[in-house]
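Numbering (our numbering), first residue to last: 417 to 706.
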């Protein structure tokens, strides 16, 4: 990813969503040539010179201070994920050096045992490119048999945008899809020199019009928690609350679990699903590269 170009487009997109009256500035009576705030207005709100802000937005500054970035982020009303993304984009480009040999991403045995022991809770571990690295049998029963898929297809982004059965599984597919795009863009800001992440974004941009349109929105969002509704072909509608936690010794790997309310129809449906028996075992490693 070209960090300089992305910084420009990201800041422009965040300015475009704000009007002067949203931030306490007097409304402009005439016709505005650009949507949202002008650069001059943003610079005024952030307390920096117009020339400095223009150079920042164009990626022509080095070693921008945290104070300036915080001021710009506050003026643009960025949330925590957007602030982190801005900081990553504003960092100086890393000096060119030989990349270490790529290695297969592996999940620690203790985490695998945790997944296996969580018999009544669908759970899986995924990486920064949305590769599904490990899972338990109930996750396979709920979503898809990950072990039966070729390693390259064990990827949530590919499944969400390119697999029609997976698209039909989510009642709120559009929300799920947009969240996936926003997570990938957040990862791309942190790892702009990851060739496999860039290749995944390129592939999805070519093969999915929805992905291409939502990628151009420049929205960013980390995985956290919320509710998803699955329309399962065998047991029907299941309302699930999910939690996503980064593993303490590898922040690129995230554990996601799904739970249901006790005594609810969703609990009954999930128990029935678990009793049906599914799936291939989790392999010792995967072929995706780190």
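All C-beta atoms, glycine included, are put in the ideal place defined by N, C-alpha and C. Predicted, not measured: the structure shown is a model, and the values here were computed from it.
Exposure of residue 533 is indicated by the presence of fewer than 16 other C-beta atoms within 10 angstroms of its C-beta. Taking all protein chains shown into account, residue 422 has 16 or more neighbouring C-beta atoms within 10 Å of its C-beta and is therefore buried. The three-state secondary structure of residue 646, taken from DSSP, is strand. Put simply, the region 423 to 435 touches the region 462 to 477. At least three CB pairs are less than 8 Å apart.
With a 10 Å radius around the Cβ and a threshold of 16 neighbouring Cβ atoms, residue 541 comes out buried.
For the pair residue 554 and residue 580, the CB atoms are not nearer than the 8 Å cut-off.
Assignment of beta-bridge partners to residue 539 by DSSP yields 673.
Note that the C-beta distance between residue 505 and residue 618 is not below 8 Å. Note that the region 652 to 662 does not touch the region 623 to 637; fewer than 3 beta-carbon pairs, one per stretch, sit closer than 8 Å. For residue 468, the enclosing alpha helix (DSSP H) has its first and last residue at 466 to 473. Counted as a single uninterrupted DSSP element, the stretch harbouring residue 588 is not any alpha helix (DSSP H), since DSSP gives it neither H nor E. With a cutoff of 8 Å on beta-carbon distance, residue 537 and residue 674 are scored as near each other. A direct Cα-Cα distance of roughly 12 Å separates residue 419 from residue 602.
A straight-line Cα-Cα distance of about 10 Å links residue 464 and residue 470.
For residue 659, the enclosing beta strand (DSSP E) stretches over residues 652 to 663. Per DSSP, reduced to three states, the secondary structure at residue 439 is helical. Secondary structure note for residue 550: it is in no alpha helix (DSSP H), and the uninterrupted beta strand (DSSP E) holding it is 548 to 551.
Contact between residue 452 and residue 434 is confirmed by a C-beta separation of about 5 Å, below the 8 Å threshold.
Per DSSP, residue 635 has no beta bridge partner at all.
Between the region 620 to 630 and the region 576 to 595 there are three or more inter-stretch CB-CB distances shorter than 8 Å, so the stretches are counted as touching.
In terms of Cα proximity to residue 543, the closest of 502, 596 and 496 is 596. Of all alpha-carbon atoms in 685, 686, 670 and 689, the one lying nearest the alpha-carbon of residue 545 is that of 670. Rounded to the nearest whole angstrom, the CA to CA distance from residue 559 to residue 654 is 12 Å. In terms of Cβ geometry, residue 637 and residue 599 form a close pair [threshold 8 Å]. For residue 666, DSSP records a beta bridge to 663. DSSP, reduced to helix, strand and coil, places residue 641 within a strand of the structure shown.
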